[in-house]
Amino acid sequence: MDAEIVDQDGLGLTFVCEGESLGLRREIELFPNGKAIVVDSKNMEYYVNLLIQHRYVTSIAEQIMPPRRAYARNVNARNANVVPPVPDHKGPRFFRMNPPEFLGSQVAEDPQNFIDEVKKIFGVMQVTGNDRVKLASYQLKDVAHIWFTH
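7 is the number of the first residue of the sequence shown in this note's numbering; add one for each residue after it.
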């Protein structure tokens, strides 16, 4: 595509897309104040990535998360007393280091960040093997806890 045409607002695009929910059409900003940002040759790739993210991740997650959360609440209620065993000698120290929790149901949640942060704590504490799994699994909540236990 010719960059000159794109830069002259030849496409007429902004960082907005249309969505439909319950039969109502609405504009969705892909970026804060997206309606005021014109797509040009410098930001076109970013626009396409945001559009793909919205169409194939965000919008689908918005549709499936309410039933999934309801399921998670039911399972969590049944398993309220089921807690993964925590190694006695390392558990209290691990929890004092404020490890992150991972829900598995938040669109903005980064699983790699959870793994990296927990690994840092394990390195400081010199935790190895199965103790890592037991301690990390205790930080899985909501949908992530269901994934781990089933």
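Positions of the beta carbon are idealized from the N, C-alpha and C atoms, including for glycine.
Please go through the same chain and pick out, in chain order, the residues whose beta-carbon is closer than 6 Å to the beta-carbon of residue i, but skip the five residues on each side of it.
i    : result
I127 : M103 and P105
F154 : S143 and L146
CB-CB under 8 Å to residue i, same chain, minus the five flanking residues each way: which ones, in chain order?
i    : result
V130 : M103
G40  : T20, F21 and V22
I42  : The residue you asked about is not Ile; residue 42 is Ala in the sequence shown. If we look at A42 and ignore the five residues flanking it on each side, its Cβ neighbours are T20.
F37  : F21, I43 and L56
E26  : R32
E115 : F108 and L109
The beta strand (DSSP E) spanning residue i covers which residue range?
i   : result
E35 : L30 to E35
Which residues bound the alpha helix (DSSP H) around residue i?
i    : result
P98  : G97 to R102
Y53  : M50 to Q59
S143 : G135 to Y144
Pick from the options: whose alpha carbon is nearest that of residue i?
i    : options                   : result
I58  : G18, E24, G29 and L17     : E24
V139 : S47, Q112 and K96         : K96
S47  : L141, G18 and A150        : G18
Y62  : N119, V113, T155 and D122 : V113
F100 : M50, F154, Q132 and N119  : Q132
H60  : N49, E35, M50 and L141    : E35
P98  : Y53, L141 and D116        : L141
According to DSSP, residue i sits in a beta bridge with which residue or residues?
i    : result
G113 : Note that residue 113 corresponds to Val in the displayed sequence, not to Gly. Answer is none; V113 lacks a bridge partner.
G25  : R32
F154 : Its beta-bridge partners do not exist; DSSP assigns none.
V149 : None, per the DSSP bridge assignment.
Apart from the five residues just before and just after residue i, which ones in its own chain have a Cβ nearer than 7 Å to its Cβ?
i    : result
A150 : F108, L109 and G110
F120 : P106 and F108
Hey, is residue i close to the ligand PLP, as in C-beta under 6 Å from one of its heavy atoms?
i    : result
V149 : Absence of the ligand PLP from the depicted structure is noted, as is the absence of any ligand whatsoever, leaving it without description.
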